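Line by line, the protein sequences are chains A, B, C and D.
Offset between the first sequence (1-based) and our numbering: plus 10.
Offset between the second sequence (1-based) and our numbering: plus 10.
Offset between the third sequence (1-based) and our numbering: plus 10.
Offset between the fourth sequence (1-based) and our numbering: plus 10.
Data first, discussion second: the structure below is written as structure tokens.
4 protein chains.
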Amino acid sequence: MPITLLKLSCPDRVGLLARITAFIAEHGGNLDEVHQFTDAPAGWFFTRMAIETPTLRVSVDELRRAFSPVANELEADWSIRRESERQRVVLMVSKLGHCLVDLLWRWRSGELGCDIAAVVSNHEDFRHMVEREGIPFHHVSVSNASKAAAFERVERIWQEAGADLIVLARYMQIVPADVCSRWSGRIMNIHHSFLPSFVGANPYQRAWERGVKVIGATCHYVTPDLDEGPIIEQEVIRVEHFHSVEDLLRIGRDSERQALARGVRWHAADRVLLHGNRTVVFRD
Amino acid sequence: MPITLLKLSCPDRVGLLARITAFIAEHGGNLDEVHQFTDAPAGWFFTRMAIETPTLRVSVDELRRAFSPVANELEADWSIRRESERQRVVLMVSKLGHCLVDLLWRWRSGELGCDIAAVVSNHEDFRHMVEREGIPFHHVSVSNASKAAAFERVERIWQEAGADLIVLARYMQIVPADVCSRWSGRIMNIHHSFLPSFVGANPYQRAWERGVKVIGATCHYVTPDLDEGPIIEQEVIRVEHFHSVEDLLRIGRDSERQALARGVRWHAADRVLLHGNRTVVFRD
Amino acid sequence: MPITLLKLSCPDRVGLLARITAFIAEHGGNLDEVHQFTDAPAGWFFTRMAIETPTLRVSVDELRRAFSPVANELEADWSIRRESERQRVVLMVSKLGHCLVDLLWRWRSGELGCDIAAVVSNHEDFRHMVEREGIPFHHVSVSNASKAAAFERVERIWQEAGADLIVLARYMQIVPADVCSRWSGRIMNIHHSFLPSFVGANPYQRAWERGVKVIGATCHYVTPDLDEGPIIEQEVIRVEHFHSVEDLLRIGRDSERQALARGVRWHAADRVLLHGNRTVVFRD
Amino acid sequence: MPITLLKLSCPDRVGLLARITAFIAEHGGNLDEVHQFTDAPAGWFFTRMAIETPTLRVSVDELRRAFSPVANELEADWSIRRESERQRVVLMVSKLGHCLVDLLWRWRSGELGCDIAAVVSNHEDFRHMVEREGIPFHHVSVSNASKAAAFERVERIWQEAGADLIVLARYMQIVPADVCSRWSGRIMNIHHSFLPSFVGANPYQRAWERGVKVIGATCHYVTPDLDEGPIIEQEVIRVEHFHSVEDLLRIGRDSERQALARGVRWHAADRVLLHGNRTVVFRD
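Structure below.
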């Protein structure tokens with residue numbers, strides 16, 4: 011069944027859900043799936059509605075136009091789109107390939123629900139692996155001296171690829187603050203620790219030194235503050251005293267792959283809504 | 011904020027959510043929390059709405075009366091009630107007290123969201139523990155010969171306690187089929203295995219013999235078919251080869267307590283909706 | 011540090027560990043890692059010792075010869091081998107590739123600790139994916155009529171590949187009982203349910219129908235009794251009412267991949283010891 | 011079967027396990043359970059052995075005397091004791107009773123494996139609950155002015171109770187540094203976050219603000235550095251955007267109770283060995 015997705019967040023007020031569902035009903039739309047959440051302390055309302063497109067009496071473009079004045083009145087952050095217009099994702103990688111391999115396989119199997127438009131790396135290592143999947147691979151080396159120029163080129167690649175989402179799949183470069191700001195809410199990172207534990211470099215080494223009994227990975231949106239952005243998903247796994255740092259690296263890879271894959275899938279399905287530094291995730 | 015709870019399930023049709031939210035909006039009700047689920051294969055619709063009572067322009071009784079014809083038309087199974095009218099729960103126990111102790115503590119701490127109206131046991135062991143909490147304790151011994159008479163007495167206790175929910179908290183007697191039927195959807199059991207594994211007696215012994223690496227507990231509604239009723243919640247925990255049957259008993263107790271406590275809490279908050287042998291659980 | 015692995019199980023008796031560690035000390039061996047377990051009800055003793063090879067005053071072959079009379083006296087099932095002599099694994103697949111892709115990636119990353127000697131399939135689908143990794147791919151189609159002949163050919167491939175372990179990575183054929191017996195303890199399967207729940211076909215469909223709240227996967231050795239063999243590892247994941255059968259298939263894939271990968275890694279490192287229908291797993 | 015427990019850690023050297031197991035075999039001791047771990051980076055050896063007491067040809071006191079010169083030579087930190095000489099535990103509580111109730115129940119059920127010698131609180135709230143279990147209750151109020159004097163009194167209670175272990179079961183006072191030092195490795199705390207996340211006050215509030223998707227609890231030994239001591243056990247549980255701070259408090263209680271109960275059980279069974287800021291935990 012073709013689906014039209016409405017995603018919306020706005021200041022809370024009485025009768026919001028009634029108003030929006032009435033609007034959809036007026037246009038003949040049958041609701042397949044509805045999520046709603048009111049953040050009472052923040053006074054904010056969040057919803058995601060999956061509308062059965064064939065039941066609509068208007069086109070999706072017309073529905074969007076008709077909804078626009080309603081949304082303005084609600085001061086809403088919103089989108090209406092066909093689920094079939096899949097989001098375009100650009101992956102950024104360095105020399106660790108486990109997240110890349112995992113995302114490529116999930117993408118091919120159809121479970122990611124997005125298109126992978128390109129892969130960008132500061133190394134050549136994965137060119138063959140990417141190109142054999144029919145995906146464009148761009149090598150943009152980054153040095154401290156060339157960083158600004160390099161990210162200019164990277165950003166151009168993102169734009170030319172028509173990227174809706176950038177995924178740092180263990181990309182070992184810090185994205186400049188101005189790029190983070192321009193792509194706010196559209197750059198996703200996987201950090202190899204259970205944030206806010208072990209912000210920064212070498213989290214597995216530090217986890218070992220601290221002697222934690224559970225390790226984890228965190229999928230979050232990137233902001234100019236390193237590892238401080240809104241968390242989308244976390245995955246954890248139990249470890250014991252006999253696990254070396256190398257064991258943690260190995261075991262942690264599974265957490266990283268799962269947390270990142272879920273984050274990409276949920277973002278691509280308009281299931282992640284942002285408000286300040288917190289996310290509302292209507293999981294599936 | 012005082013809350014009025016609407017719980018409803020009915021055959022799916024276009025515009026259901028719009029219709030119900032419009033009804034609530036017409037009566038001035040602000041929605042605090044809305045859950046909705048459509049079981050597409052079954053063609054069934056489920057919802058739970060938490061309405062802010064003070065915003066209603068009518069009393070809860072009037073709201074219920076006004077909704078009645080709507081619900082009839084929708085062929086709905088439904089209820090509207092004040093959250094503050096807490097459900098009354100009767101606990102059934104035998105000689106294992108870990109679930110009883112746990113539920114008593116959670117009840118006293120306020121997290122169960124229900125009243126414990128009475129405890130019934132086929133043994134005297136826990137009389138003191140129950141009565142010191144100010145809860146009536148009834149001893150009804152059950153033998154094969156006396157079973158019918160015993161359960162007549164038990165059922166009378168349930169009725170006199172005004173029970174909305176019966177919880178078999180490791181109660182070692184099989185409830186007669188006719189009692190199960192009369193109290194359908196209102197008797198909850200905790201089975202000490204991960205159903206459908208190890209239906210019946212001695213599940214930990216059999217789990218050990220089978221050499222499973224994870225054990226679990228299942229909270230489910232009781233039906234005349236032993237351990238076959240609709241599952242509300244399951245909890246699992248990893249075990250290893252060095253765990254003896256006694257270890258499994260000990261470790262499993264934590265799973266039992268958690269799965270049962272969540273089941274009771276969710277049922278008491280109208281978060282569990284039944285359809286055939288499956289449950290819809292709007293978790294919190 | 012090069013390691014020599016001793017794996018042993020035998021009837022329990024007094025002083026076993028002292029005797030074996032004394033034997034190793036007499037030959038100069040420093041112990042890097044020692045696991046021991048006594049199954050008291052069964053009266054059986056299990057151990058795995060990682061010996062630092064360079065500290066040995068004799069060659070590994072001489073150590074093995076010297077240990078042979080000791081082992082005979084203990085009526086032990088045992089092996090002594092260099093860790094660097096990696097086990098040779100043959101993967102069996104049909105049309106679902108998620109376990110295959112996962113095992114290939116883990117193998118290439120070095121985390122499996124074994125060699126993949128060949129892949130056999132009853133379909134051609136994955137020939138390219140396998141051959142581009144430099145691994146021989148054998149297509150052996152299986153029909154009811156040809157089954158005996160097909161498995162004769164399959165078994166010959168296993169022998170020619172020098173296989174130590176056969177991994178059914180979602181291989182959709184039942185291995186004939188005589189083959190199971192000849193390769194007892196050396197054929198590993200991943201079953202897509204939490205055994206003993208949902209033995210047999212379509213476990214995700216049946217899990218959905220039963221309304222379970224947790225699904226899982228089971229890695230076990232294959233015996234002539236379908237899905238009844240000794241369990242090596244299980245992995246579980248929570249699901250909810252809104253997950254369709256297709257969602258369970260998708261979510262379950264992650265459990266399958268993890269449980270199978272751990273099973274292969276542990277078997278390949280001599281960490282799995284069999285006794286009757288139970289396994290002792292000295293996890294890492 | 012009566013058991014004698016040997017717990018030992020010392021600098022690593024060749025033949026340690028052989029030497030110790032030979033010592034036990036010479037005295038006729040049959041080993042029921044042996045754990046060993048070598049921390050290669052630290053060059054440290056850890057072992058725990060459960061010896062079947064009736065098989066010993068000497069008394070436990072004689073065994074201890076005989077082992078003393080061996081241990082001196084190995085520069086070992088060690089103990090030999092009868093399992094039946096249960097450790098004596100003093101619980102410290104304030105106004106939150108969930109850990110206290112849980113520990114009392116587990117103690118009564120026998121699963122803690124220790125004696126609860128006394129409960130100390132800076133409030134009177136739990137006097138009745140404790141005394142009805144037949145356990146001495148001491149009220150020692152603590153103010154900033156009286157802190158030193160109060161902890162003098164507390165320490166005297168510990169000494170008079172013959173305490174082997176002090177458990178801060180949500181005790182809301184910071185133990186003075188000199189007391190921490192005198193009781194090093196013998197004071198256990200439960201912190202209501204997944205350390206090192208949210209060290210210090212109000213961890214659930216801060217977890218909510220950070221928008222984490224998993225919360226946890228940490229059982230650790232107390233050192234003068236707040237929340238920085240060696241971690242014994244951690245437990246985690248998934249949360250979602252709809253969980254308020256109050257929900258986190260409620261959900262987290264289950265993690266706290268489980269992590270703390272395991273920590274106490276393992277310490278009381280000599281299963282926790284300390285080295286620097288890391289623990290070796292031979293779990294059961």
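A virtual CB, placed ideally from N, CA and C, is assigned to each residue, including glycine.
Please read all numbers here as calculations on a predicted model, not as lab measurements.
Member of the options whose CA lies at the smallest distance from the CA of residue i
i: C/Ser254; options: C/Asp188, C/Ile225, C/Ala171, C/Asp280; result: C/Ile225
i: A/Ala187; options: A/Arg272, A/Pro234, A/Val44; result: A/Pro234
i: B/His148; options: B/Phe161, B/Cys190, B/Ala155; result: B/Phe161
i: C/Ala32; options: C/Val80, C/Ser69, C/Glu95; result: C/Val80
i: D/Met139; options: D/His133, D/Glu121, D/Val111; result: D/Val111
i: D/Gln183; options: D/Ala173, D/Ser131, D/Leu259; result: D/Ser131
i: B/Gly210; options: B/Gly239, B/Val68, B/Ile90, B/Glu43; result: B/Gly239
i: C/Leu259; options: A/Leu259, A/Ala86, A/Glu121, A/Glu141; result: A/Glu121
Residue i (DSSP reduced to helix, strand or coil)
i: C/Gln46; result: strand
i: B/Ile34; result: helix
i: B/Val222; result: coil
i: D/Ile261; result: helix
i: A/Leu41; result: strand
i: B/His167; result: It should be noted that the sequence gives Ile, not His, for residue 167 of chain B. B/Ile167: helix per DSSP, three-state reduction.
i: D/Glu95; result: coil
i: B/Trp276; result: helix
i: B/Ala52; result: coil
i: D/Phe252; result: coil
i: C/Gln183; result: coil
i: B/Glu134; result: coil
i: B/Asn82; result: helix
i: D/Asp22; result: coil
i: A/Trp193; result: coil
i: D/Met11; result: coil
i: B/Ala211; result: coil
Residue i - partner residues in DSSP beta bridges
i: C/Lys17; result: C/Arg58, C/Ser89
i: C/Met198; result: C/Val177, C/Tyr231
i: A/Val129; result: A/Leu101, A/Phe147
i: B/Leu283; result: B/Val290
i: A/Val246; result: A/Gly226
i: C/Ile241; result: C/His230
Residues of its chain near residue i, where Cβ-Cβ distance is below 6 angstroms and the 5 sequence neighbours each way are ignored
i: C/Gly39; result: Ile61, Thr65, Leu66
i: A/Gln46; result: Leu27, Thr57
i: A/Ile126; result: Val99, Trp117, Ile145
i: D/Glu43; result: Ala60
Expected contact under 8 angstroms - CB spacing of residue i and residue j to nearest Å
i: A/Thr48; j: A/Asp71; result: With a Cβ gap of about 30 angstroms, A/Thr48 and A/Asp71 do not count as contacting.
i: D/Met102; j: D/Ile176; result: 6 angstroms
i: D/His37; j: D/Arg267; result: No, D/His37 and D/Arg267 are not in contact; Cβ-Cβ is about 41 angstroms, not under 8 angstroms.
i: A/Asp294; j: A/Ala279; result: 7 angstroms
i: A/Ile200; j: A/Leu178; result: 7 angstroms
i: B/Tyr2; j: B/Ser104; result: Here chain B covers residues 11 to 294 and nothing more, so residue 2 of chain B does not appear.
i: D/Lys223; j: A/Gln244; result: 4 angstroms
i: A/Leu114; j: A/Glu143; result: 6 angstroms
i: C/Phe208; j: C/Arg216; result: 5 angstroms
Sequence-distant residues of its chain with Cβ nearer than 7 angstroms to residue i (five each side left out)
i: D/Ile241; result: Leu205, Thr228, His230, Thr289
Residues of its chain near residue i, where Cβ-Cβ distance is below 8 angstroms and the 5 sequence neighbours each way are ignored
i: B/His285; result: Ser19, Asp49, Ala52, Trp54, Phe56
i: D/Ile261; result: Ile225, Ile247, Val249, His253
i: A/Met198; result: Leu175, Ile176, Val177, Leu178, Cys229, His230, Tyr231, Val232, Ile242, Leu270, Gly273, Val274, His277
(message) Tell me which residues of the region 240-271 of chain C have at least one Cβ-Cβ distance to chain F shorter than 9 angstroms, keeping chain order.
(response) No chain F is part of this structure, whose protein chains are labelled A, B, C and D.
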